[in-house]
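Protein chains in written order, with the numbering used here: chain G, 1 to 310; chain W, 1 to 294; chain D, 1 to 703.
Even for Gly, the Cβ is constructed at its ideal location relative to N, Cα and C.
Note sheet for the following structure.
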Ligand SMILES: Nc1ncnc2c1ncn2[C@@H]1O[C@H](COP(=O)(O)OP(=O)(O)OP(=O)(O)O)[C@@H](O)[C@H]1O
Ligand code: SF4
Ligand code: SF4
Ligand SMILES: [Mg+2]
């Protein structure tokens, strides 16, 4: 078990290294571009060369990579071209905002989809199951930007009970969080629900559930003690991996609602070629994704006695 | 052995078999609804030139509500946008864009992902480890982050979108194929092919791949739906097909600022994209249901 | 309520005219038709029949657990005077696990993987009786000891995957016995286990029946197991009971043509193959919705009479003079069994030719990389699975050599080396004068490849479901260079289909349109497509229905004889081996422990393992008396085999420390009969034969 955890962590570090190398190659391979981006298209050749000289861009590429990586590890991501401040200063508050958004979304998605999934999977083929399954297909078919439009049309335009943007310019406002969370949750819950349902339905067909019923256990005990324990292993993994998807979703939602989060920052940076911000954002996103993946793997192993004790 | 002419009956043609599997789909109501939606959009895309009441990029009368009559006769059934283009016509032509680039990108992704998956699953060993690691690295990017970075770096164009989708989806396809191959490679018919000394490529292509097609077709439908969402999202973020050609995501992006006053401008493209994706998702669900029964 | 239920003294269970159907998209599938059964206190009744005949359905109906598409469509099940169909869910719950308990086919699947066995056991008394945790715990410990599990405390705290299959089944049996049920249903409890482990479980079941006076319904497809466990037996065919009676009546004086056919189709090791050839039942089991009108066995029956056999449902009639003996055949009294002489398979031995295969001290080790902490510290990261150790034997042209042994003894590894899918670690494999031990299949010439071919075990996966039968055969013909012209290939395909007695239009069919036996025939055709000199058949019939097995076996032997092919027949079924093999090689944990001609291996002197294996084979013959040898313990792992004699951890004749330290010598009894054991040959010769007739006649009486 210990070895397994260590090995997973090793893989995680390795993945991060490869990702950093990819990013470095993609964005910084040609110093000329970097300088153009930093100094703007109207800078002179001379200015650019001076800047490159000053920032060590004429050193061999591997030296540059390692220096860049070293800076990254200690949290020095360079300066934002647009905001003219160290990237960290922009990034951390944005990340915190996105964290709030993501947590709130998970807070809705996890209970709702687990409950619906278990209910649907418990009696496969029942009307309840069909209803839940089809509605989860329908909601996952509506892209976030579309549901953002639809939901704001209803809640902002028709009913006028919720604000249409979530800039939070006057401090934190719970009301402004509702629509973004709703949009993310509507899109995400369907997948988790369906995976939970599939897992539950599969467990309900296993022979050990039959054994439990034929032992004469009450139905509730069969579900609570025998089925859930096994059926919830898969959804756990799915939820952890869902965080990766959520990071995609926040880009759209934050952009739409002008929410000052990490996704919007990445998008702005990309549109404005703010390369040091892009690099930092990408690394952070990948880190979150890889870390949750690792937790998912380790958790899966832990929850599964067949693997845990072998 | 008496000399008699032996008729070896032909294999069923693949078209016939495709029709048969569609007939199977009849048993799944959900799948049929999905198929109907998809077919509807395919027809719209095919005949967009005939069906669309106005040229998609013609600016006629800005900010008109649905149902208004056009100055030169005809009607703006779904209204016009902020610079006066007919929304219905743009949606119809947009369907064409989506239904060209969506399937194209998906096919490209599969033609990269399938060989990778076959190699990883069948050859195993180091090949598997290397391919799987590459796949893991790419998959560890949140998808949209990856798209945004790629498109921001190489620029927004139809070809680049196809490249980006291929790059981002192939690893997922590879994983699925690999899983299927790992299961199929221990079948006795594969063993039989090995014992008669068939070359590995033939075993992968002839003995294994055809038996993986069921799950792959289902996956392809789901993935197609997702690729359509992706194209939409990129358009919405302003990273999609360059204007002025109609693109559903782009239409929503251009008009959403005015959505408070003129909700129809963003609403109808939203419905269009959602229904098409829904069609593919329902179709996939129906196919899965039918294939599990057999 | 449950206590006065246990004092009841009428019949425990009565099924009256029970009919059960499944409702599917294709319509109603009548799985069980007109089933009757009365079970008294202490009775044990066997339900025997081939796959799909409705045995499990009956058991599940008694449990009132039919899934969401099954239902009782007629008749009743009365348990201790109460009609089960009228009970509420809560009343049923109180019966289940308390009064009626069940043991399942696959113990691993029947146990919850993420719960300790102790918890799973204690649940039963905790939910049915008013007792506390400690009492439940001590009850569980006690019952585990009753089913002879060593170290019950450890078992209690284990998870299912941490104990072996045989032990898991003992736990499931313990679970069923915990609340001292009045009725125990056992659905193929040993099918998933190895023969030597099976013998132990069967003994346990017989012991339980005596000790607890539980009434039992024992379901099996194996007549031999029914003989070992039951007093009465119901023979089922395609949803109906076709014959019922006491074990003696049915086994010795069977009246139904199907029962008769079944007994003639299974090999009985008591009899010699020339004296009692196998008689296959023609045709195949009908699917439930394709049953003929009248007698379901009609299309396969040699005594079919137009008019009487196919007009209306045949009723169960009792055999005059034998009160409890019923038979569902309208002509049982008219059939003249003495005049009935069906053609058998097997028989004629033929002259053997020159040596085709010679294996000399072949070893095959697999490397595995051990990543555990202990291995890291000790530094021995690489460990070896010793799948084959020092294998030596020979095979002649047109000879049948059987390789027998339990799962994991290295049979399949050996086949892989032979086929060139693996290369040997050491030693020689000389095939027709050439050492091929280091030639993987890619390096062999097409002719070499074509001359060793294989028939596989699992009919469901032996053919590629995506290609037609004809295309698959054609590919082999082209690959081995037998023919290259398109027309000639097609012609050859037809010849092959003729050879395996399949209709020619099967060439166009896809595998899923074929039954198991038919697929296996195509598999045989494929193996013989390249005119091989040797065919390796890896358990070719073990996955088939009993009534089809004989026909496929017969076919394989006929073709082999016709082409003078050498046949290596890998099997765990000693009865079958006795029928068709010329020589037998017995393997245990990768070692050959004994080899010789069939007669030599089946009679003393035996290797102690051969002796135990023979005694474990269930034999459906009342005239046979077997020595009972139950092996202790489990099969050791090949990663960590015992030192000295591989069999020393379970050997019933173990001499002492010499067996644990020194490799046993290979001692030759007669020429070619070799036993690897420390016990001196004189001692082994004195051993009693395992199988003896105790009646004068060696055949089930046919009158
Ligand atoms: N859930 C189900 N739905 C439809 N048909 C079923 C179902 N379960 C069983 N059947 C059919 O009912 C018949 C009897 O099946 P059953 O499982 O009782 O046979 P069995 O004698 O126990 O066979 P086996 O030896 O393979 O265990 C078969 O034809 C089977 O295909
Ligand atoms: S009823 Fe007729 S067909 Fe059926 S078993 Fe008897 S003789 Fe054969
Ligand atoms: S060598 Fe010893 S342990 Fe092995 S079979 Fe002979 S007596 Fe038994
Ligand atoms: Mg069964």
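- When DSSP states are grouped into helix, strand and coil, residue 233/G belongs to the helix group.
- Assignment of residue 450/D by DSSP, reduced to helix, strand and coil, places it in the helix class.
- With a cutoff of 8 Å on beta-carbon distance, residue 199/D and residue 570/D are scored as not near each other.
- Taking one beta carbon from each stretch, the stretch 28-46 of chain W and the stretch 91-100 of chain W have 3 or more pairs nearer than 8 Å; the two touch.
- By the neighbour-count criterion, in which a residue is buried when 16 or more other Cβ atoms sit within 10 angstroms of its Cβ, residue 531/D is exposed.
- Sixteen is the threshold: when 16 or more other Cβ atoms of the shown chains lie within 10 Å of the Cβ of residue 244/G, as they do, the residue is buried.
- Contact check for residue 151/W and residue 239/W: beta-carbon distance about 5 Å, within the 8 Å limit, so the pair qualifies.
- Residue 351/D counts as exposed, since fewer than 16 other C-beta atoms from the protein chains shown sit within 10 angstroms of its C-beta.
- A contact is defined here as three or more CB-CB pairs under 8 Å, and the stretch 176-192 of chain G fails this definition with respect to the stretch 273-289 of chain G.
- Not a single CB atom of chain D sits nearer than 8 Å to the CB of residue 164/W.
- The set of residues whose C-beta lies within less than 6 Å of a heavy atom of ligand 3 reads, in chain order, 608/D, 645/D, 647/D, 648/D, 651/D, 653/D, 654/D, 655/D, 659/D, 664/D, 677/D, 678/D, 679/D.
- With fewer than three CB-CB distances shorter than 8 Å, the stretch 167-182 of chain G does not count as touching the stretch 114-122 of chain G.
- When beta bridges are read from the DSSP output, residue 431/D appears opposite 357/D, 434/D.
- Interface residue (Cβ-Cβ distance to chain G less than 8 Å): residue 270/W is classified as such.
- At a beta-carbon threshold of 9 Å, none of the residues of chain W lie near residue 159/G; the nearest stands roughly 13 Å away.
- One finds 153, 157 in chain G with Cβ atoms closer than 7 Å to the Cβ of residue 263/W, taken in chain order.
- Relative to ligand 2, the beta carbon of residue 305/D is positioned inside 7 Å of a heavy atom.
- By the rule that beta-carbons nearer than 8 Å mark a contact, residue 94/D touches chain G.
- Collapsing the DSSP output to three states places residue 390/D in a strand.
- At least one heavy atom of ligand 2 lies less than 7 Å from the C-beta of residue 331/D.
- In its chain, beyond the 5 residues on either side, 124 have a beta carbon closer than 6 Å to the beta carbon of residue 97/D.
- Close to chain D, meaning a Cβ-Cβ distance shorter than 9 Å, are the following residues of the stretch 214-235 of chain G: 214, 215, 216, 217, 218, 219, 221, 225, 226, 229, 230, 233.
- Per the DSSP secondary-structure output, residue 79/G pairs in a beta bridge with 86/G.
- In the three-state reduction of the DSSP assignment, residue 243/W falls in the coil class.
- For residue 79/D, the enclosing beta strand (DSSP E) covers residues 70-79.
- Here residue 353/D is exposed. Its C-beta has fewer than 16 other C-beta atoms within 10 Å.
- Bounds of any alpha helix (DSSP H) do not take in residue 629/D, whose DSSP letter is neither H nor E.
- With a threshold of 8 Å between beta carbons, residue 197/W makes contact with chain D.
- Put simply, the stretch 133-140 of chain D does not touch the stretch 184-195 of chain D. Fewer than three CB pairs are less than 8 Å apart.
- With a contact defined as Cβ atoms closer than 8 Å, residue 286/G and residue 140/W qualify at about 5 Å.
- Distance check between residue 33/D and each of 41/D, 502/D, 53/D, 398/D places 53/D closest, using alpha-carbon atoms only.
- In the structure shown, the three-state DSSP call for residue 120/D is helix.
- Taking the Cβ atoms as the reference, residue 473/D lies roughly 18 Å from residue 452/D, outside the contact range of under 8 Å.
- Between the C-alpha atoms of residue 206/G and residue 386/D there is a straight-line separation of about 35 Å.
- Residue range 657-661 is occupied by the alpha helix (DSSP H) that includes residue 659/D.
- Under a criterion of Cβ atoms nearer than 8 Å, the residues of chain D adjacent to residue 210/W are, in order, 464, 466, 467.
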